[in-house]
Every structure is written in structure tokens, then in C-alpha cells.
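Following: one structure in C-alpha cells, then a few remarks.
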């Protein structure tokens, strides 16, 4: 099941440049939360702070607290544990190119010491089903590489790989921006289904996509959280002029 | 993400709606001239104008639909287009009411003249002013001005009720003038309906500007 995320006064830096200026936000469990805003507004940095990916960049720093389902992601918890609970899917599908479809999904489990073949088979199938990819690949699981799939299939494979380790939160950074409209629609359908089991946070430049998939939407601008509300409110009658100007294309 | 083309198209949509509003107002003015002066020529102008209103009605809906489909507007722009579609329908109905009035005036002119205690030009003036004020509110994006229109509607309703009662009394007391009294009663109803359309337009302006639904006496901020 998904969990709530409570972010409190989150600040992030690259070197001396502060790119998030004290963001506080409650992310609801089992809901889709979209993060929108112009390039450089801090939205990707924000979600990368949720699973400790930000700190993988040299000179990057974080302050503040991120509470994920009751545990503090920054209070002595090993980053690897945080990332197991908070999975991530990136803009460009990045399957392990030399591995089979099966091994791509099983990779995270094997790294965590999962060895039983029968259990692995079960998790791989369940993850591929959740990612709506099982029917398309079940005949070629072990003799086709992940890289041989179409872009949309590769992205769903990456989602299956993230789901295999049974996270509670799934972060998606522009997961459909490199995909055609049909593949995008499949990913969006999938996001809708995934929220039953996970908390989903999606960064997107595509505002129509945010409007279609998200329950809540947050608008970021220059490192600040400007407005955060129900998606229908943000896209029909936002409270802040800056949000309105951005989503109506008057700047950005 | 420049949306100049889209915003130019929104301006075009507003301009077209205002032109349509102007035609609808003119049509009502022709109908009232016909009433005041017993002028059949003015009735004919109302019937001619209806064609222009119907064409504008279709063209505005078409442009609005194109913008919804092609530009996927959001927030204030989305509310504007939805408001324009609804105001467009109300203005078309104002044109229809003007036609109804002109038809009744033409009918009255075939009948012997009657002294009727009804100040039709007064209620017509207020209804016409409500249309103008609601369109001014639209031009200026002024929700306060639109709010004034809502208040005026009560006055028009009251005047219509007074005319109704006076005409029913006339029919009772002077049955030979029943048809004339009935026509005036129906004209008063047409004018009252025009006031209702102006009210709808004002409510749509408030929805566009404030994102608030004030219809049916409720105030709901949408979203």
C-alpha cells in the first residue's frame, strides 16, 4: 500500500546555489500528485530529494525533513533503504541493455538477495502484470533483451522493474515525454491503476497530462512551491496569479 | 511557450461576441421602436436582423469549439471560452425574443387601438440596459458591474408582474380588448425573459472573472 509523504522546509543546493527554498508539502497516499512548473523551477530536484537521489550529484546538499510513511528519509536511514521504498522511473527508458526482460525486472530483487527461482518467477510476472506489459512479453521473457522492446514497452519495463522491489512510493520524472501518444495513453492508464497500490508523484511538463492523471497538482516556480491544490482547482480556477499565468501560457 | 496566436484568437472571439451583442441590442431597439411608433418597417428590420444573429451564433460556437479542441485552454482562458459559448446562446435567445415582440406588435397593429395601462417602454428600457451593462461587464472583465445586473433583474420581474395583473384586469373589465391586452402581456413576458438572459450573461462574466458559480442564488468557487 502507498504511504503519505510529509515534506517539511526542504532546501536543496547545488554547490552554493540554493534551488529549493524551503518547500513544505503533504503528499497523499494512494493518489497521484503532479509537480508542474517551468524548466529550472526545482520540480525534478524536489522529487529526487524524496528518494535521496539528489545527493548523488557532487556538491549537492539537502536540509529539511522528508517523512515517508512514518520514517524520516534523512535521519540516519541508509539511502539504499529509502530508494527501495521509493522507486523511480525516469524520462528516458533505461532498461539494462544486455539483460533479458526477465532479468531486468528481477535485477533489483537479486541485488536484495532474493534467490528462490519460483518466488522470482512470481514477482516478475506480478510486476509485469502491474505494469501492463505481461501479455506483450510473456512468450519472450528470457530470450529477448529489454533494449529490443519499443520505447513505450521499455518504459513499462522500467516501471515493472521499479515495482518488483515492492516500493510504497513511485516517483516518475517525465515518464511519457519521449513516447508517442498511444504509448503515452498506456502509461497514463497505468498510472491511474498504480495509485491503488502506491503513492505516485509525477513530474511533467505536459499540463494536459497532469490534468488527466493527477488528483493533486503542485506548481513550482524558481525553487518555491507556489500553489498546491486539487487538480481540477489548479486547472480551472487557480488561486495564485503566477499559477494562472503559467498554465495559460502567459509566461514560461 | 508563447501562445500569442491563441491569445489573439481569444481576442477575436471576444470581439465577435461583442458584435453579436450589438446586433441583438439593435434588434431589441427595432422591436421597441415598432411598438412605440406602430411601425411595421421596424418589425421587418427585426426579422432581417435575426438572420445575422443566427449566423453569428453559429460562427462564434464554431470558433469556440476550434479553440477548445486545438488549444486545450486552462483556467481563466477555459472559463472565458465556456462563458462565451453560454453568452452566445443567451444573445441568440435575446434575438428570438425581439422577433417574438415584433410578431406581437405586427399583430396589435391589425387590431383596433386600445388604451392599456402598461409602461412597456419602461420595462424595455431596463431590460435593454441590463443587456448593455452585462456586455460592458464582459468587455471590462468587471465582476462588480455584472453583480449590479443581477440586482436589476428583480426590478424587471416586479414590473412584469404589475403589467400582467393590469392586463388581466383589463381583459376582465373590457373583454373587447382581450387580444390587445394579451399581446402586451406577452410582450412584457418577452422583455422579462430578456432580463433573465442579461442575468445569465452577468453570471457567466462573474464565472469567467472570479471562477465562482453564482447561479441559482448560490456562490460556489469552482474546483
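Protein chains in written order, with this note's numbering: chain A, 29 to 280; chain R, 3 to 225. Beta carbons: idealized from backbone N, C-alpha and C, even for Gly.
1) Under 7 Å, Cβ to Cβ, is there at least one residue of chain A near residue 3 of chain R?
2) With residue 200 of chain A as the anchor, note down where its beta strand (DSSP E) starts and where it stops.
3) I need the DSSP call for residue 36 of chain A, collapsed to helix, strand or coil.
4) Which of the three DSSP states, helix, strand or coil, is assigned to residue 50 of chain A?
5) Please return the same chain residues whose Cβ sits closer than 6 Å to the Cβ of residue 187 of chain R, not counting the five positions on each side in sequence.
6) Any C-beta of chain R sitting closer than 7 Å to the C-beta of residue 276 of chain A?
7) Write down the C-beta distance between residue 247 of chain A and residue 64 of chain A rounded to the nearest angstrom, noting that I regard them as a contact closer than 8 Å.
8) Among R/27, R/39, R/215, R/213, whose alpha-carbon lies nearest the alpha-carbon of residue 115 of chain R?
9) Counting only runs of 3+ residues fully inside the region 48–110 of chain R, write out the beta strand (DSSP E) ranges in chain order.
10) Scan the region 54–82 of chain R for residues whose Cβ lies nearer than 8 Å to a Cβ of chain A and list them as they occur along the chain.
11) Give me the Cα-Cα distance between residue 9 of chain R and residue 15 of chain R, rounded to the nearest whole angstrom.
12) Anything in the region 8–37 of chain R with a Cβ closer than 9 Å to a Cβ of chain A? List those residues in chain order, please.
13) What residue range is occupied by the uninterrupted alpha helix (DSSP H) comprising residue 147 of chain R?
14) Could you give the distance in angstroms between the alpha-carbon of residue 122 of chain A and the alpha-carbon of residue 183 of chain A?
15) Please go through the same chain and pick out, in chain order, the residues whose beta-carbon is closer than 8 Å to the beta-carbon of residue 125 of chain A, but skip the five residues on each side of it.
16) Give a yes or no on whether the C-beta atoms belonging to residue 181 of chain R and residue 118 of chain R are separated by under 7 Å.
17) So, do the region 104–116 of chain A and the region 45–60 of chain A have three or more beta carbon pairs nearer to each other than 8 Å?
18) Runs of 4 residues minimum, wholly inside the region 149–188 of chain A: which ones carry the alpha helix (DSSP H) assignment?
19) Using a cut-off of 8 Å between C-beta atoms, extract the partners of residue 219 of chain R located in chain A.
20) What residues of chain A sit near residue 143 of chain R, judged by a beta carbon separation below 7 Å?
21) Closer than 7 Å, CB to CB, is residue 236 of chain A near chain R or not?
22) Sorted by chain position, which residues of the same chain lie with C-beta nearer than 6 Å to residue 70 of chain A's C-beta, five sequence neighbours on each side aside?
23) Name the residues in the region 203–215 of chain R whose C-beta lies less than 7 Å from a C-beta of chain A; which are they?
24) Using 7 Å as the threshold, is the C-beta distance between residue 23 of chain R and residue 52 of chain R below it?
25) Are the C-beta atoms of residue 263 of chain A and some chain R residue less than 7 Å apart?
26) Using the C-alpha atoms, what's the distance from residue 92 of chain R back to residue 65 of chain R?
On the basis of the supplied data:
1) Along the second chain, read from residue 1 onward, the residue named residue 3 of chain R stands at position 1. With a pLDDT of 36 at residue 3 of chain R, under the threshold of 50, the predicted position of this residue should be treated as unreliable, though the coordinate-derived value follows. Cβ-Cβ to chain A under 7 Å: yes for residue 3 of chain R.
2) Numbered from 1 along the first chain, position 172 holds the residue referred to as residue 200 of chain A. Element bounds for residue 200 of chain A: 197–201.
3) Indexing the first chain from 1 puts residue 36 of chain A at position 8. Note: residue 36 of chain A maps to strand in three-state DSSP.
4) Mapped onto the first chain, residue 50 of chain A falls at position 22. Looking at residue 50 of chain A - three-state DSSP - the assignment turns out to be strand.
5) Locating residue 187 of chain R in the second chain gives position 185, where the first residue counts as 1. Correct list, in chain order: 166, 169.
6) If you number the first chain from 1, residue 276 of chain A lands on position 248. Output row for residue 276 of chain A: interface = yes.
7) Numbered from 1 along the first chain, position 219 holds the residue referred to as residue 247 of chain A. Numbered from 1 along the first chain, position 36 holds the residue referred to as residue 64 of chain A. Yes, they are in contact, since the Cβ atoms of residue 247 of chain A and residue 64 of chain A sit about 6 Å apart, within 8 Å.
8) Working through the second chain from its first residue, we reach residue 115 of chain R at position 113. The shortest CA-to-CA distance from residue 115 of chain R to any of R/27, R/39, R/215, R/213 is the one to R/39.
9) none
10) Within the region 54–82 of chain R, the qualifying residues are 74, 75, 76, 77, 78, 79, 80, 81.
11) Here the question's residue 9 of chain R lines up with position 7 in the second chain. Here the question's residue 15 of chain R lines up with position 13 in the second chain. Each residue's CA atom was taken as its position, placing residue 9 of chain R and residue 15 of chain R some 10 Å apart.
12) Those would be 8, 9, in chain order.
13) Working through the second chain from its first residue, we reach residue 147 of chain R at position 145. First-last of the alpha helix (DSSP H) with residue 147 of chain R: 145–175.
14) The sequence position of residue 122 of chain A within the first chain is 94, counting from 1. The sequence position of residue 183 of chain A within the first chain is 155, counting from 1. Residue 122 of chain A and residue 183 of chain A: Cα-Cα distance of roughly 8 Å.
15) Residue mapping note: residue 125 of chain A aligns to position 97 of the first chain, counting from 1. The beta carbon of residue 125 of chain A sits closer than 8 Å to those of 173, 174, 175, all from its chain and outside the five residues before and after it, given in chain order.
16) Numbered from its first residue, the second chain carries residue 181 of chain R at position 179. Numbered from its first residue, the second chain carries residue 118 of chain R at position 116. Against a cut-off of 7 Å, the Cβ pair of residue 118 of chain R and residue 181 of chain R comes out as no contact.
17) Flag = no, the region 104–116 of chain A and the region 45–60 of chain A do not touch.
18) 162–165
19) Against the second chain, residue 219 of chain R aligns to sequence position 217. Residues of chain A passing the Cβ test: none, with the nearest at roughly 20 Å.
20) Counted from its first residue, the second chain places residue 143 of chain R at position 141. Neighbours of residue 143 of chain R on chain A: none; closest Cβ ~13 Å, over 7 Å.
21) Taking the first chain and counting its residues from 1, the one referred to as residue 236 of chain A is at position 208. Taking Cβ atoms only, chain R reaches closer than 7 Å to residue 236 of chain A, which makes this a yes.
22) Here the question's residue 70 of chain A lines up with position 42 in the first chain. Cβ within range, chain order: 47, 48, 248, 251.
23) Sequence-ordered contacts of the region 203–215 of chain R with chain A read 213 [C-beta pairs closer than 7 Å].
24) Walking along the second chain from the start, residue 23 of chain R turns up at place 21. Walking along the second chain from the start, residue 52 of chain R turns up at place 50. Not in contact: residue 23 of chain R and residue 52 of chain R (Cβ atoms no closer than 7 Å).
25) Within the first chain, numbered from 1, the residue matching residue 263 of chain A stands at position 235. Answer yes: the Cβ-Cβ gap between residue 263 of chain A and chain R drops below 7 Å somewhere.
26) Position 63 of the second chain, counted from the start, is the residue given in the question as residue 65 of chain R. Position 90 of the second chain, counted from the start, is the residue given in the question as residue 92 of chain R. In a straight line, the C-alpha of residue 65 of chain R is about 17 Å away from that of residue 92 of chain R.
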